[in-house]
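I have placed the structure first, in the form of structure tokens, so that the comments after it can refer back to it.
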Amino acid sequence: MIKRFAVILLLLGIGAIFTGLMVNYVPDKALNVTARYYAEQTAPDLGAANIVTAIIVTYRGLDTLGEVTVLFLTAAIVGLVLARGSSDEAPARRDLPPPGELLLTGTRLLLPLILLFGAYVFTHGHLTPGGGFQGGAIIASGMLLMLLSHPLRRFGHRLIAIVESIAGLAFVGIGVLGIALAGGFLDNRILPLGTFGELFSAGAIPIIYTFVGLKVGAEFSSMLVNLSETEDL
Amino acid sequence: MKDELDKRLDNQPDGPERRGSLKDIPVREELLPRWVKGPEGQEYVVEPLQDYFCQAGPTVQTPAYTRIIEDLFNWARAESLWILGFGTGCGAIEMRPLMTPRFDAYRYGIQWRPTPRQANLFVISGYLSVKTLKRAIRSYEQMQNPKYVVGLGSCTINGGMYWDSYNTIKRLDDYLPVDLYITGCMPRPEALLQGFDDLKKLIRAGKAEGANHYAEHFDWYKANQKRVIKDWDMPDYSW
Amino acid sequence: MVSPIFIIAGSLGGAFLLGLLRDPWRGASYVISLLVLTFTTWLAGSWLWALSSGAVTPVEILTAGTQPPFAVNLRLGIAEAAMVLLINLTGLLSALYLKDTLFKQGRRAMAVLLIFSMALSGIVMTRDLFNLFVFFELTVISTGGLILLSRDPRALAAGFKYLVASQVVSILMLVGIIFAYHATGSLNLDDMAAASAALLRGGALAFFLVFIAVVAELKVFPANGWALDIYESAHPAFSALVSAAAGSASLVAIDKLLQIGGPAWMDVASIIGIVSFVGANLFALAQRVDRRLLGYSSVAQIGLILFVVGQQDILGERYLFVAGGVLLAHAVGKAGLFWLSGLVAGRDLTAWSALRGNPLLLFAFASFLALLIGLPPFPGFYAKWELVHAIAAHDHLLELALLLFGALVEAGYLYRWFGYAIKREIDHEPIAPSLYKRAVVCVAVLAGWLLAYVWGELSPHDNLLHAVPVLFALAFLALEWLPARVKNALAIAGLLGWFAFSYPAYDPLQLIFALIVLAGGALILLASFHSDGRRLGFYPSAMLMYAGLAMLIVAEDSFNFFAAWESLTIGSYFLILRGRQSEPHALSYLVFSLGGAFLILAGFALAAQGNVQFLLVSLAEVAEPLAPWVFALLAVGFMTKTAAIGLHIWLPGAHAEAETDVSPMVSGILLKAGLFGLFMLLMTMGRQELYGVDLAHVMMWIGALSALLGNLMAAFQEDAKRLLAYSSIGQMGYALFGLAMMNHLGWLMALMFVINHYIYKSMLFLSVGGVAKRTGTRAMYQMGGLITLMPLSFIAVLIGIIAMSGVPPLSGFGGRWIFYNAIMTSEYRLPMILIFVSGPIAFLYLFRLIHSIFLGQLKDEHRRVKEAPFWLVLPQMIYVVCLLVFALAPGLALRRVDAYISNFLPQGALSWEGLTITSEFGYWSPVSIMLIVGVIFVVIFAWLLFVNRRAQKVKQFNIVFAAERPYRPETTHYAWNFYAPYKKALGFLAWPVFERFWAAVTDLLHTLAELLRRIYTGNGQVYAIHLLAFVVVVYLLKEGL
Amino acid sequence: MQFEWIMVPYSLLTLFIVVNYGLLLTALMQKIGARVGRRHGIPIWQNYVDLIKNYGIRSSITHGVMFYLGPVFRLTGGVGLLLFVPTLYGSEMFSNLSFAGDLILALYFIFFGSLGMALGAGESGHPHSAIGVSRGLSQVTTAELPFALAVFAIALQYQTLSVTEIVAAQQGSVWNWTLFTNPLAVAAAMLSFLGSMMRPPFDVVLAPQEIPIGPPTEYHSSYLALMQTNRVIFPIAKIVVYMNLFFGGAATWPVFFLKVFLIYFFSLFVGVVFPRFRVEQSVRWFLVWALPLGIAAILVV
Amino acid sequence: MDLIAMATGFLLILIGLFGALTNRNILRMIVAFAVANTGVNLVLVSVGYMTGRTAPILDSAVPVAEATARVIDPVPQALVLTAIVIGVGVTALMLAYAYRLFKTRGTLDISRYTDLKW
């Protein structure tokens, strides 16, 4: 009870800080320098229609690389955590009732569509809302569907790992190419910018986003697979 | 303990000899030979009687080179009688008045000394039990030559009223060289003063050589002493 | 130059590449990891080299081909390069260290390790706030993974607690970042700094949140429970990384933030830092588990660096030097210790005794501790020197006090631990045999010494590793394989050689001290010929002590003086620690000495007022309000060394428990260092008044009390060496008293004491030590009757006690004579009374010493004892000769000093005519006295021989014993509690009031630590609450301020 | 002043006078003490007889070198102390060897004999000797204290440490004596004097009958003779110091004899009146009664 | 009322923290942290929001030339994406930990994991 009270008291304090932030918050009337630069320069410089994507993939590409790394790291560690000691325990598996017909059929029907949609989302990241992360997550949701429908099925970690690693390497590689061919690390202008608003435009952004999408998809899948394997069936 | 010591002694190079000396081990535990371990681990036997006490016997001390000096010394010895403050028996009670104003023995150069080293007169005051005899012998031997013994009261002469006691000695002279007896039971302080005066005369005449006599007939005295003292747990001569 | 971006890209590439490999290809994965780390290390190293040699300027790394603030940019300056190098090197070494574990865990673990070091490098280099956050999160997550490298099952829970805490941190940080962005319109740190006015006005809360989040990442006290759990349970190699690399990276981050925050926030950082430093060190006192202790120590060290970071405004251009010094020393030391802990099987502090079997590792241990504490010649020493000077110059006295207190506590528990390692039973498993791990530790040691050299070069002062005496001492480390006798000869040659070399440069005062230290030291070392074998550790320590002393004498500025002071303290600590039972005593010696040293440091710092070089002679020019304080600080510092009463409790144990040939060194020689300091102080500063009290007068009282109580306590000792030790307290009290009289003869007397005390105390310690060696005990009542068995030792003690008691005709009388003449002109008479009381008490203990050991009854077990070994006796005999010579011709030494002192105190010089020494008041002719006494003695002796030529030699029980015979020697030897009646009368004066006081202080600290550390309940939620509470409290305080 | 050979016979003469005077004086003191007890006491020449007798004892034992040397130290201390202080003021003949050192020398040389004696007694191995030494040393720590303070006080008063000069300053009139110019110092010193004379109430060191006679328990024959010799020289030597410092010194032998007698008599007088103190009692006594006097003496100078 | 989103975000953070600090079950804590993270994200985007403007995507609706006047601040949007992903990563990690903890300790009560303390 004391603890709860203390927490409330502390949160009141934190709340006070937040309130202070809010009270002092004055919404901008116009874009600040940075945002203005992005709004004005993204299209001519990078050729990307989605400014957010341009920021994510190029301007703040290092963050994104970190982000991807976070996922990679998480996947690896989840693997580590769960692998730890799993060898010495082999729980007896019991047979599950087969998944329902509806689920199976639905999965078969939807899975290709989901994957296709995912691919669409990450390849069009520079044009439309969406991108590698969103696309990757969609792909992973397909994976989730498969896991639900085939709870006992074991997926090839190997494949996932290869996809994940190659995508990651490619991301880094493209970034390094930026040093060699363009203005710096992660500069997307190693490829021609193309026509504004088209699929093959905005330099390396679509390529990077593709890899990101693959990587994110693979990593989420890896996590899901790993987590699902923990289930004591 | 003793057996084990014997066994271990046999292994020593000089073991058999030591065994010989161990035959008459006194009963006192603290005088038993014992194995001691030194700080650096060496082990050896400590024989208290051998190691703690000087083994030499008494020697006859010759007088000074010239007669005149010896006479001077004898005069001084006579005029400076330092009595060992050791009351061996009931006669000691008669010694105390000598220190009082009434008798004031100090007038005659007679003083009491608390340590035998510094005293030259041993007054055996009355009967001497065997137990006390041992102490008396020790004290006597610790006094320096020349030293005088005065037997006080008839007990020191023939046992007196304890003539048939099982544990008093009858004749002091068998055990210590007595220079002078003062008879009586008890002799009065006046008698004591008289006795001391006589002793002075003896000393001045150079006739009070009890210490040298003791040294000359040491074996005889020792034999006598050991005859009555069964637990002889001290060296033959207590320096 | 290869772009530094490859430090990040390379690590990431390597990590992703590892994913491609098959799981069983462990070897290949490992090689790749190592290659990547080597590459990044090389890269960072090459940049550091280039930057520091001036070949390149700090480089700005743009990403996305766009200028900041629109794209993320990185920066690599010299500080960043050093940090990145540190991080990657630590990572590489840890990877090497972790070889087995990594092989077991597979490529994923290696990838996580790579990313961890990448993320830390990123934190160091990035100039973008949000990017900083990303790298922080990467660190957090990879930490979550690397914790699992540990085999300790508790690590899992620790990792979870850590994640909980970091969730809270990241929430705060994100909120802060976005509002900071809103306030400044940029995420670039440089932009924010430029707009800091706006940020701090409108977005102060935003900045606060970011700031506090980064501070929390530093694991500051007390919001750091999770971190301690990690330190305790994680794999030591990872803990090394966390402590050395992650801590450093976070500090760089804080530094970046403070560029925005400006002075106001620097103060906040300083306060948090110093509280952390003191608090964590205090808590560490109660620790018994090595890694948790190291954790606390890490927190403390990070707090210290945070403090330095917060003080950058006053440190000015020396900021990098100071912060770098402390940080690198901490990083290397702490990483090294964690690595070492992996070699030790047991987790209790005492388990480190296992190191004892391996001198190299022990040396490593010692080096790491010295690095942490900041002892010379390590970087921390230079850094702390400057830090203390800077904060003293800015009158931050409270911080100064806290800093020194924390450092003292830290030294206390760290050296207590070292004591365990040296002294405790080896009852644990031996150290792990892994070659890799040892190699890693050795690299850390090398790095430490390399840093020591570099910092010495960078410092404006002399490089201590260029000082010949120090090098000479260190050379013995390399010569440890030689037999002790050879080393001893070398050491003696070295001391004498240095003396001969420096001889022309000494003034008379220095000459006297140099004679004692160098020639006298060589003389004592003769006794060391006695030891055979190799005597590992003895010579480096002893020579370090001598080096310190030699340098102390000639030091001209405060830095050299203090460095020398610290060296001799450390050297002597190791020496003392060698004694059999000396563990607690060596510790208390060290704590008191360091405490004193810190006071000296504070005194110098106050006096210097920020001057880089402060000549000792300029102490005379310290201005008024400050001068008495400087004087008091320095004086108390020096008096700690001379063991003035109240500060003396370390001495008896330390001197008594030391080895036979060490006791004379630490007593005969080392104590003089304090006197030398006092001489120096009084010569420069003269009389000072504090609140109207003449400080010299206070010193006089202290000296008199020391003399009285020292002597009195000596009289009640049963242990011969302890007796001598207490007597040293008394003797030093006399010397202090003489100095404090501030007149010519008083100083002369003090010098006389310096010489005499050296001679007779060395001699007595040697002979008593020899006796103790032979008899196997130091308790006097267990000895007795050794005169015939150890006649030479007896002669030495006899001469020694006659000299010491001041009885004519030996040299001690000279001291007393000068003393009487000196007090005739002194203004203060009351303290004399104490001195008068203490004089005869010296007879008590001196007689007891000689009687109980050499006279009386010989014990059975000592019947076969031999005379002390030749090499112990030889110096004693030389001392006897010295004493006689000095007694006959005190002018040999004193005349020149007399003239020298006249430069300072011209009044009352002695006149030396022929054989007679004349003062204003009296006269004294040593030779005549000696001759007269000698003639009378010989005549009477001859007479006695004549009249008593036939004396019968008797044995020990041939005593008159009231007609009985003694029972046993033990019961006949009157020695135990020899002064029982005296104790009845005056024993109350020897009541251990100071021992009780200091014991109460330490108990209080320990109890506090024991109680307060219970706030770390082990519950992750509570830790998170601490964190929030910390945030709120800092917020409230900051608002309140 | 320098050494001249003529000093040797002069000093021996002093020694001779003092020894004889001392032998008689101590006997006289004993007689006076005896008279208090209504006895006649020893004959006045008894000390001579005892001395001769002890030298005439034929046998002796030795416990070792220090035992042998103890009495030598003891007597050297006594003789040395006597010779380091001028016996008669203004007489070159009886200034002895005082050129070698001043008051401080005398002050510290007092301990020479005691130290040697203690060592000799220690080697005898007799516990009572050691106990006696323990008591003696314990007592001396506080007993000497008032004296030291008094010496310091009068050294301050006369601004010199030279005995001759101190005596010179007291010449002219009785009222110039330190006794009258600095009564506090003298009082302190005289109390201290009591403590150093081995007489009641401060004779627990020897404590005859209890620890036989303390340190000399094992000494006999010629050792004892040497110590007896010292026993007559040493107190007088000490009294000479007191006499010079506090009572105007002595310019002629009769004055010397008188003053020495009176000072000696003071200790006897106290001794026959008071019973014996235990060590801790005497320590406390000196601290409580004598020390404040000494402190006062220093402060008022 | 402009700040309603932000206020909601802060409230979510506080609720999340309250949950995380008072629930002893670690799964609940993880969920609570997820709530808090959501709150953070909400705060993040709400800071960049400007009334009456549109998403920063240049297409026919928002021509490049008018972008400056028509789009909202794109930076928070970019940041929030990163923040979300990181949040997911940490959550996944915590879940994995929770699993292992439950396996090894047999409990999900955080107050039971106190073998490391002081």
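Protein chains in written order, with our numbering: chain A, 12 to 244; chain B, 2 to 240; chain C, 196 to 1236; chain D, 60 to 360; chain E, 32 to 149. Positions of the beta carbon are idealized from the N, C-alpha and C atoms, including for glycine. Please read these numbers as outputs of a predicted model, since none were measured by experiment.
Span of the beta strand (DSSP E), counted from its first residue to its last, around R1011(C): Looking at the DSSP string, R1011(C) is not in any beta strand (DSSP E); the run it does join, the alpha helix (DSSP H), is G1007 to M1019.
Closer than 7 Å at the beta carbon, the chain C residues around W233(B): Here the premise fails: no neighbours, minimum Cβ distance about 12 Å.
The region 172-188 of chain B touching the region 133-153 of chain B, judged by at least three CB pairs closer than 8 Å: yes
Under 7 Å from the C-beta of T970(C): neighbouring residues of chain B: P40
Strand pairing of K38(B), partner residues [DSSP]: E44(B)
Contact list for Q218(D) against chain C, beta-carbon separation under 9 Å: M1019, E1115 and F1116
Cβ of R346(C) within 9 Å of any chain E Cβ: no
DSSP state of D752(C) mapped onto helix, strand, coil: strand
Proximity test, Cβ basis, 9 Å: R143(E) and chain A: no
Residue environment, L829(C), which counts as buried when at least 16 other CB atoms sit within 10 Å: buried
W942(C), enclosing alpha helix (DSSP H) - first and last residue: H939 to T970
Where S98(A) falls, given that 16 or more other Cβ within 10 Å makes a residue buried: At S98(A), the pLDDT of 48 sits below 50, so the modelled position is not reliable and the matter cannot be decided from this model.
Where G380(C) sits in the DSSP three-state scheme: coil
Whole-angstrom distance between L538(C) and V1217(C), CA atom to CA atom: 33 Å
Paired residues, beta bridge with Q1147(C) - DSSP: I120(D)
Residues near M958(C) in its chain [Cβ-Cβ closer than 6 Å; skip 5 each side]: A991, G995, Q1071 and Y1074
Within chain C, the residues that V74(E) reaches when beta carbons sit closer than 9 Å: L369, V370, I373 and F374
Stretch-stretch touch, CB-based, cutoff 8 Å, three pairs: the region 584-597 of chain C with the region 1188-1202 of chain C: no
Local conformation of L1239(C) per DSSP, three classes: Only positions 196 to 1236 of chain C appear in the structure, and residue 1239(C) is not among them; the question remains open.
Where P1026(C) falls, given that 16 or more other Cβ within 10 Å makes a residue buried: buried
For S1006(C), the nearest candidate out of V1060(C), T970(C) and A1088(C) (CA to CA): A1088(C)
DSSP three-state assignment for T122(E), whether helix, strand or coil: helix
Nearest-angstrom Cα separation, counted from G47(E) out to A17(A): 16 Å
Test: G137(E) CB closer than 9 Å to a CB of chain C: no
Assumed close pair L291(C), Y631(C) - CB separation to whole angstroms, cut-off 8 Å: 5 Å
Beta-carbon contacts of L1223(C) that lie in its chain and below 6 Å, excluding the five residues immediately before and after: none
Assigned secondary structure, A1170(C) (DSSP; H/G/I helix, E/B strand, else coil): coil
Residues near A98(E) in its chain [Cβ-Cβ closer than 8 Å; skip 5 each side]: P87 and L89
For I924(C), the residue or residues it bridges with in DSSP: None; I924(C) has no bridge partner.
Residue-level contact to chain C via CB, P87(E), 9 Å cutoff: no
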